[in-house]
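Numbering (the UniProt record's numbering), first residue to last: 1 to 119. Think of the CB as a built atom: it goes at the ideal place given N, C-alpha and C, for glycine as much as any other residue. This structure is a prediction, so every number in the text was calculated from the model and none was measured. Data block below; observations after.
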Amino acid sequence: MLETALVTRLADLASQLYPGRAPTDYDTPAVIYNRLSTQMEDDLDGVGDMGWVVMQIDVYDPSYLAAKELAHDILDHLAIWDDEQVHSVTFVNETDMIDETTETTLYRVMMTFLFFAAI
Numbered sequence: 001m002l003e004t005a006l007v008t009r010l011a012d013l014a015s016q017l018y019p020g021r022a023p024t025d026y027d028t029p030a031v032i033y034n035r036l037s038t039q040m041e042d043d044l045d046g047v048g049d050m051g052w053v054v055m056q057i058d059v060y061d062p063s064y065l066a067a068k069e070l071a072h073d074i075l076d077h078l079a080i081w082d083d084e085q086v087h088s089v090t091f092v093n094e095t096d097m098i099d100e101t102t103e104t105t106l107y108r109v110m111m112t113f114l115f116f117a118a119i
C-alpha cells in the first residue's frame, strides 16, 4: 500500500506521521497525509495494479521556518523516489497557511504530490 511505503520513506525525516489527522496530544513538527484521488491504469487484462495517486502532505510546526525546512526536506526526499512500489513522484503545489484553531498557533505547509505507484 502506498501509505505504508510513504510512512517508511519519511520516517527518518519526521517521527510524527499521521493519516488524516493528528491525535489531540501530538508533538510538533507533525506531518499529516491524505489520499485525495486514485486513478487506476488499465492494461491488456483490464484494470492493472499501477495507478496515479494524488496525495496531500501537510507539515505543522509553531515555527514557520521549521515547517518550511521540513517541507523542503520531504519534497527532496520524495522527488528522487523510484523503486518497485513507486515509479515516479511529481510535485504539484505548495500552499502556506496559519492554523489558529489550537491553543498554539501553528504554521502549515500544504503540499500536493502526484505518485505513479503500485496500488
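Quick one: give me the first and last residue of the beta strand (DSSP E) that E41 is part of. By one-based count along the sequence shown, residue 41 stands at place 41. For E41, the uninterrupted beta strand (DSSP E) segment begins and ends at A30 to D43.
Compute the distance between the beta-carbons of V59 and V31, then report whether it is under 7 Å. Numbered from 1 along the sequence shown, position 59 holds the residue referred to as residue 59. Numbered from 1 along the sequence shown, position 31 holds the residue referred to as residue 31. Taking 7 Å as the Cβ cut-off, V59 and V31 qualify as a contacting pair.
Here's the rule: buried if 16 or more other CB atoms are within 10 angstroms of the residue's CB, otherwise exposed. What is A79? Start at 1 with the first residue of the sequence shown, and residue 79 comes out as number 79. With fewer than 16 other Cβ atoms from the protein chains shown falling within 10 Å of its own Cβ, A79 counts as exposed.
Give me the Cβ distance between L70 and A14, rounded to the nearest whole Å; I'm assuming they're in contact under 8 Å. Counting from one through the sequence shown, the residue named residue 70 turns up at place 70. Counting from one through the sequence shown, the residue named residue 14 turns up at place 14. So it is a contact: roughly 6 Å between Cβ atoms.
Specify, as a first and last residue, the run of the beta strand (DSSP E) that A117 falls within. Translated into positions along the sequence shown, residue 117 becomes position 117. In the DSSP annotation of this structure, the continuous segment of the beta strand (DSSP E) that includes A117 starts and ends at L106 to A118.
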